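Using the working numbering, the first residue of the sequence shown is number 154, and each one after it goes up by one.
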Amino acid sequence: DRLRRGSPSALLGIAAWAVGDLEAAEAALADGVAARSDDSRYALPASYVLGLIQVGRGELDQAQRTYQRAIAVHGEATGQQLPGLADLHVGLADVLYERNELDAAEVALATSKELGNPAAGPHWSYRWLTLAARLAAARGDTDGAFALFDRAEEQYVRGPVPSVRPIGALRARLQLRHGNIQDAVAWVDRQTAGLDLLQPIEREFVDIVMAEIAVRRPGSRSGVPAITEKLEAIVSAASASSRIANLIEAGTVLAQVYDAAGDSARARQAVEDALTTGGQAGFIMPLVDGVQPLRSIIATLDPASPAAAYAATVLAEFGPGPFAPAASGAGLPEPLTPREIEVLGLVAGGMRNHEIAERLVISLATVKRHIANAYGKLGARNRVEAIDAARSLDIL
154 DRLRRGSPSA LLGIAAWAVG DLEAAEAALA DGVAARSDDS RYALPASYVL GLIQVGRGEL
214 DQAQRTYQRA IAVHGEATGQ QLPGLADLHV GLADVLYERN ELDAAEVALA TSKELGNPAA
274 GPHWSYRWLT LAARLAAARG DTDGAFALFD RAEEQYVRGP VPSVRPIGAL RARLQLRHGN
334 IQDAVAWVDR QTAGLDLLQP IEREFVDIVM AEIAVRRPGS RSGVPAITEK LEAIVSAASA
394 SSRIANLIEA GTVLAQVYDA AGDSARARQA VEDALTTGGQ AGFIMPLVDG VQPLRSIIAT
454 LDPASPAAAY AATVLAEFGP GPFAPAASGA GLPEPLTPRE IEVLGLVAGG MRNHEIAERL
514 VISLATVKRH IANAYGKLGA RNRVEAIDAA RSLDIL
């Protein structure tokens, strides 16, 4: 009975995963792994998939245990290089990557590569190259990351296991976050025909990335209501189904959309929710880039809140952030936020309000609000007085 239950459980689990029901997917895969734990041909690939689902649910500790247990039982204990063993080390590296434990992740990837083809599943090369690209990007090697993404795409063959982070979306997001908006937009424009071919769990991440690109696209303000509605629906659905990784990704983008629309209260709530959820799960990497444009919003969080504490942890990777107010006019009754300083610096550089809005991809109303706040804090009545006061305080 245990052997008969194994394979059907895996198929049910993958089917549930594809439509976004991660709770049912995890239960089915866990049942299948338990039922055929002594069958390496089944347990190795099933454990790999189970770990991916657990990562998607925000269960990083459980995913790490799943991979380590399978490696110990089917690799270290047997001394054999069984097919699928190398994939488990990629899965383990993925967990470590999400926690920003990059050195340990690279060790796991190296171990996977050393095991070689005898221990590799049919999709190992694609999986290995994709994660290697993400690690390269995290290390600041953008050119290397793009080259690895290209190699991974060449190796991709569609299989029954969903690709929850499609390479095209990962590449486009990296392009966007490094200022190459034109290529990112071009990727969005090419997606129309292929979106219906994606499974729901694959489509969700693609939609998140497309929304982030859309809100930074020149002349995008007219589309903000539709982008907001789409992201709010994703956040609601991901929360209801415990798709924690996507919930965090969508939450940070939604906060950026609210901020661009000048809705600071909802932006603050969205980023606080994303940080709180990420902190509870132990995610770092989904937040690192996502919260960078939101430093001024994060600076308004209650410093004693779990969200603010976790933001400090995340932003510590990038040096002083909104929690280092010395350069914001510490002698003022109320220091300027990083965003107010940024806007004031552009004002000092001679830019007009609408030009600042275009540069920072925020609404004109938001620019005016930041300027008014800066004037009030500096006790200034106009631009000249504000700039002089900021320079005398070494803010600019």
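Idealized CB from N, CA, C, for every residue including glycine.
For clarity, every value in this text was computed on a predicted model and none was experimentally measured.
message: Taking a contact to mean a Cβ-Cβ separation below 8 Å, would you say Ala423 touches Gly404 in this structure?
response: Going by C-beta atoms, Ala423 is nearer than 8 Å to Gly404.
- prompt: Under 8 Å between the Cβ atoms of Gly364 and Leu384?
  reply: The displayed chain sequence assigns Ala, not Gly, to residue 364. Against a cut-off of 8 Å, the Cβ pair of Leu384 and Ala364 comes out as a contact.
- request: May I ask you to report which of helix, strand or coil DSSP gives Asn526?
  value: Helix.
query: Is it buried or exposed for Ser193, if we count other Cβ within 10 angstroms and need 16 for buried?
result: Buried, by the Cβ-count rule.
N- and C-terminal bounds of the alpha helix (DSSP H) containing Asp247: Going by DSSP, Asp247 is part of the alpha helix (DSSP H) stretching over Leu238 to Glu251.
message: Which runs of the beta strand (DSSP E) at least 3 residues long sit entirely within the region 384-433? Give them in chain order.
response: Correct list: empty.
Which of helix, strand or coil DSSP assigns to Ile548: DSSP places Ile548 outside both helix and strand once states are collapsed to three, so it counts as coil.
message: According to DSSP, simplified to helix, strand and coil, what is Leu489?
response: DSSP places Leu489 in coil when its eight states are reduced to three.
task: Please classify Asn399: is it buried, with 16 or more other beta-carbons within 10 angstroms of its beta-carbon, or exposed?
output: In the assembly as shown, Asn399 is a buried residue. Its beta-carbon has 16 or more other beta-carbons within 10 Å.
message: What does the alpha-carbon distance come out to for the pair Ala552 and Trp277?
response: There is simply no residue 552 to check, as the chain begins at 154 and stops at 549 in what is shown.
field: Beta-carbon proximity list for Arg326, same chain, < 6 Å, skipping 5 on both sides
entry: Here the set comprises Val362.
- request: Would you check if the distance between the CB atom of Leu245 and the CB atom of Tyr279 is smaller than 8 Å?
  value: No. Outside cutoff.
- prompt: Between Leu205, Ser160, Ser516 and Asp191, which lies nearest to Arg370 when the distance is taken from Cα to Cα?
  reply: Distance check between Arg370 and each of Leu205, Ser160, Ser516 and Asp191 places Ser516 closest, using alpha-carbon atoms only.
query: Of all the options Ala539, Ala379 and Ile167, which has the alpha carbon lying nearest to the alpha carbon of Gln352?
result: Closest by C-alpha distance to Gln352, out of Ala539, Ala379 and Ile167, is Ile167.
message: Within the continuous alpha helix (DSSP H) that includes Ala300, where are the two ends?
response: Thr295 to Gln308 is the span of the alpha helix (DSSP H), which, as asked, contains Ala300.
message: Can you give me the C-alpha to C-alpha distance between Gly211 and His523, rounded to a whole angstrom?
response: When rounded, the distance between both Cα atoms is 36 Å.
message: Once DSSP output is grouped into helix, strand and coil, what is the label at Gly507?
response: Position check: residue 507 holds His in this sequence, whereas Gly was assumed. It is helical.
query: How do the region 441-458 and the region 419-433 stand: do at least 3 beta-carbon pairs fall below 8 Å, yes or no?
result: Inter-segment contact for the region 441-458 and the region 419-433 is present: three or more beta-carbon pairs are separated by less than 8 Å.
Neighbour-count burial assignment, Arg544, 16 or more Cβ in a 10 Å radius: With fewer than 16 other beta carbons inside 10 angstroms of its own, Arg544 counts as exposed.
task: Within 10 angstroms of the Cβ of Glu493, are there 16 or more other Cβ atoms? Answer buried if so, exposed if not.
output: Under the 10 Å beta carbon count, Glu493 is surrounded by 16 or more other beta carbons and is classified as buried.
query: If you run the structure through DSSP and keep just helix, strand and coil, what is His227?
result: Here His227 carries a helix assignment [DSSP, helix/strand/coil].
field: Meets three-Cβ-pair contact criterion under 8 Å: the region 281-299 and the region 256-272
entry: Between the region 281-299 and the region 256-272, the count of Cβ pairs shorter than 8 Å is three or higher; the stretches touch.
message: Pop quiz: Glu176 and Ser395 are said to be a contact at Cβ under 8 Å. What is the actual Cβ separation, rounded to whole angstroms?
response: Going by Cβ atoms, the distance from Glu176 to Ser395 rounds to 6 Å, so yes, they are a contact pair.
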